[in-house]
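Written out below as structure tokens is the structure these notes cover.
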Amino acid sequence: MSKILILSSNVWSFTDKTTGEVKSGVSIEYIADQVEDKGKRGYFTIKATLSNDYVPKLVNVPGVYEVGYSIKPGANRQSVMSISDLVYENPYDFEF
């Protein structure tokens with residue numbers, strides 16, 4: 002498993018106007034490994050949408066988490082990597 006720093010989380014819910022179905026989940030924004038490639042430097046944020054099953058795992062935000070990934074086929078059989086597990090490690094405090 003890799004480590005990530007989750008910067009923010011947002012639990013959401015809405016009713017689809019077309020189908021009437023209630024959709025819900027949690028959106029997170031995080032940073033992973035530092036990027037240094039062809040003019041890019043530093044940390045770039047990554048956004049992910051997760052099911053409500055992950056809400057109890059978001060113990061402290063911002064915080065450091067171990068993360069597991071899974072790969073599934075997506076549109077046109079292209080691989081899609083998504084978060085499959087989150088384990089809280091410790092809080093993270095920004096000091097400026």
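Heads up: the sequence shown begins at 2 in this note's numbering, then just goes up one per residue. Beta carbons: idealized from backbone N, C-alpha and C, even for Gly.
- Message: I'd like to confirm the pairing. Which residues does DSSP put opposite Tyr-89 in its beta bridges?
- Response: Note: Tyr-89 sits in a beta bridge opposite Tyr-66.
- Query: Quick one: what's Phe-15 bridged to in DSSP?
  - Reply: Answer by DSSP bridge pairing, in chain order: Lys-24.
- Query: So, is Ile-29 buried or exposed, given that buried needs 16 or more other C-beta atoms within 10 angstroms?
  - Reply: It is buried - the Cβ of Ile-29 has at least 16 other Cβ atoms within 10 Å.
- Query: Hey, out of Glu-22, Ala-33, Trp-13, whose CA is closest to Val-65's CA?
  - Reply: Looking at the Cα atoms, Ala-33 is the closest of the given residues.
- Task: On the DSSP bridge assignment, give the partners of Pro-74 in chain order.
- Result: Answer is Ser-80, bridged to Pro-74.
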